[in-house]
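Here the sequence shown is numbered in my numbering, starting from 10 and rising by one per residue. Glycine included, each C-beta is placed from N, C-alpha and C at the ideal position. Being a predicted model, the structure only gives us computed values, none of them experimental.
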Amino acid sequence: MTKQTHSFQAEVAQLLHLVTHSLYSNQEIFLRELVSNASDACDKLRFEAINDGGLYENDPELKVQVTFDKDAKTLTITDNGIGMSTQEAIDHLGTIAKSGTKDFVSKLSGDQKADSQLIGQFGVGFYSGFIVADKITVESRRAGMQASEGVRWISGGSGDFEVESIERPTRGTSVILHLRDDALEYASAWKLKSIIGKYSDHISLPIQMEKEEWKEGENDQPGSMVKTGEWETVNKANAIWSRPKKDVTTEEYDAFYQHISHDYAAPLAHTHNRVEGSTEYTQLLYIPSKAPHDLWNRDKKGGLKLYVKRVFIMDDAEALLPTYLRFVKGVVDSADLPLNVSRELLQESRDVKAIREGCTKRVLSMLEDLASNNETNEGKFTTFYGEFGAVLKEGLGEDHTNKERLLKLVRFASTSSDTVNVSLADYKARMKEGQEAIYYITADTLAAAKNSPQLEVFKKKGIEVLLMTDRVDEWALNFVQEFDGTPLQSVAKGAVDLGKLQDESEKKAAEEAAETFKPLLAKLKEALKDKAEDVRITTRLVDSPACLVSQDHGMSTQLARMLKQAGQPAPDTKPVLEVNAEHALVKKLEGSVHFHDLAHILFDQALLAEGGLPEDPAAYVKRVNALLA
């Protein structure tokens, strides 16, 4: 194949510029990323060779080699892993963050620290080479292909790249960085060894560099370090999870997390355990400090790295954790699973079920520890909950076994606290004497929840109400009836019953009002028969004329709205209109010549107050204008 020039995917040139400059303050991470990629390529070969031993091509010792040439101003990272075909080189190296280029560009802020963390979430590790290089050459050949089927990929990081066929006797990939003049410090054995020691010590493959020894100068020339031609391993090259906990430092744990997650921030917490019994395995699990950009992408594969007896099997072993813990990163190394384990087997295996249960319990224990020590460990649980709280709530409907543990972990805002830090246990401890339920309200936003007319009587009596504003809340609460023996009650469902908290005089006044207003209620019900299931007098309102509530066991109007927005069918249920007999507008209804219009305005305003929209906004505006004229 003759040399071909291809254009980068749209926006990649702009993105390369941003990557280069955003990460400039932390230049050395480029080496971590490229060594990590090389290690992954070796892992992939090891996995494919389980079924095809010929891929090793008489070179079974997998390794990564780092070399430099001061005179040529180059730094080369070579692996003997799976390698790439010509088409793979075009596809993988000509595309950045296939799923999120636009999203990525939009999120870059100019804040170097924040952006460097963001870059880690978008899988753009290879391109970090342009931080120190003005040109990158990649030479590769896929394992199992002919020597003549090698490929050379060259780019200066601008708008295009070149591809040509080359002769390459060895499989694997060499990434050659042509160093800029201001990055020549990386053509130094001491510098490279210190970076590898810092970021890549944990990698289970040997990372090799050429040995150097001191040679005295001749003829009054200064001495220098010269290469001996021998290779030495410069990392520990044993799997971090196989080492005893006491021998692993926090820095090493953090570095390993950054290696497997491509995240630039340290994790919030980790757990490292060897599990023995009927199923033997080692787990090293991490809770990230930042949610990835695709956390809510249901098609995104997530899960743990699975090894069997230290042989890499798969990257995203989804069966090892429930979906609601998809943010957890880490490694599971099993002694019991077969090496040819398939996805089908993963889903059915008894051993996998035991591993999943064990991993789930460990993660929940980590979160419980963060929650109980939130004050002493710099609010780490608050950080976690801000990023992943909504995902955690999915477990209330998915994981019946651990529902009670999850209920203790979930947090909400309330009428006593705008911040999302109120646990159900906190709420229960503050309940008023005689209060028989945990009251909550769901809404689209915190402002809508706080200002809902349905809260008026609760505010008047000083009763705390939980404000639930995550989209998942409505769905999750279908699976929760009580907490620690106390029922949960939506303030927007059914008639309000404050039990012992309501005075007898209030009850009597409400009954009398309902009797007095019977004719009016009947008239309202007739006028609103297409919109409302029922119309009744309520004691829950203080300042507002009306509000909408759902039937005791019916679907809330908010959930119905959410289903419709998502394109899902929602049952055609009508809400109940509750009116405040003490309000001037309600009193004005009786005998008004505009009764029909006022009735509809009353209903539509109650709908607007809870975040909904009238079915016919134009008709609503017309009615209001007619009354204002």
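Contact check for V75 against M218 passes: the beta carbons are separated by less than 7 Å. From the listed residues F397, R371, L475, L594, the smallest Cα separation to V551 is found for L594. In this structure the stretch 392-400 does not lie against the stretch 311-318, because fewer than three pairs of beta carbons, one per stretch, are closer than 8 Å.
With a cutoff of 7 Å on beta-carbon distance, R365 and L418 are scored as not near each other. Assignment of beta-bridge partners to R545 by DSSP yields E587.
About 11 Å separates the Cβ atoms of S94 and V172, ruling out a contact at the 8 Å cut-off. Fewer than three Cβ pairs drawn from the stretch 437-451 and the stretch 370-390 lie within less than 8 Å of each other, which leaves the two stretches out of contact.
C-alpha of D303 to C-alpha of S270: approximately 13 Å in a straight line. Counting of Cβ neighbours within 10 angstroms places L622 among the exposed residues, the total staying below 16. For I99, the enclosing alpha helix (DSSP H) begins and ends at 95-102. A Cβ-Cβ distance of about 6 Å is found for the pair I216 and V44, placing them in contact under the 8 Å criterion. Listed in chain order, the non-local C-beta contacts of S423 below 8 Å within the same chain comprise V431, Y436, E473, V474, L475, L476, local neighbours out to five positions each way being set aside. Taking R189 as the centre and dropping the five residues before and after it, the same chain places the C-beta of V141, A142, D143 closer than 7 Å to its C-beta, in chain order. Taking the CA atoms as reference points, E413 sits about 28 Å from L464. For the beta strand (DSSP E) assignment, the uninterrupted runs of no fewer than 3 residues enclosed by the stretch 401-468 are, from N- to C-terminal side, 421-423, 426-431, 447-451.
Look at T385 here: in three-state DSSP terms it is coil, with no helix or strand label. Residue burial is scored here from C-beta neighbours: S137 has at least 16 other C-beta atoms within 10 angstroms and is therefore classed as buried. Relative to the Cα of K540, the nearest Cα in the group Q490, L611, I546 belongs to L611.
For A635, no beta strand (DSSP E) segment is defined; the enclosing uninterrupted segment is the alpha helix (DSSP H) at 626-637. Minimum Cα-Cα distance from S251 among the listed residues S213, E520, E239 corresponds to S213.
Annotation for H605: A536 place their beta carbon closer than 6 Å to its own, counting only its chain and skipping 5 residues before and after.
Nearest in C-alpha terms to K12, of all of G62, D613, D78, S164, is S164. Comparing C-alpha distances from G166 to each of D493, F135, D263, C51 shows the shortest one belongs to F135. Under the three-state reduction of DSSP, W484 is assigned to helix. It is roughly 8 Å from the alpha-carbon of F139 to the alpha-carbon of F39. For F170, the enclosing beta strand (DSSP E) covers residues 169-175. Between V585 and D543, the C-beta gap is smaller than 7 Å, which places the two residues in contact. Annotation: the continuous beta strand (DSSP E) that includes N282 extends over 278-284.
Residue pairing by DSSP puts T291 in a beta bridge opposite R283, D342. Inclusion of H603 and P554 in the CB contact set at 7 Å is not warranted, their separation being larger than that value. Residue pairing by DSSP places A326 opposite L313 in a beta bridge. Secondary structure remark: continuous beta strand (DSSP E) runs of at least 3 residues inside the stretch 182-267, in chain order: 216-224, 233-242. Looking at the DSSP output, I145 shares a beta bridge with S164, L186. Note that the C-beta distance between I450 and V400 is not below 7 Å. In this structure, DSSP gives V73 an extended state, which the three-state scheme calls strand. Residue nearest to A192 within the set F77, T179, N634, Q292 is F77 (criterion: CA-CA distance).
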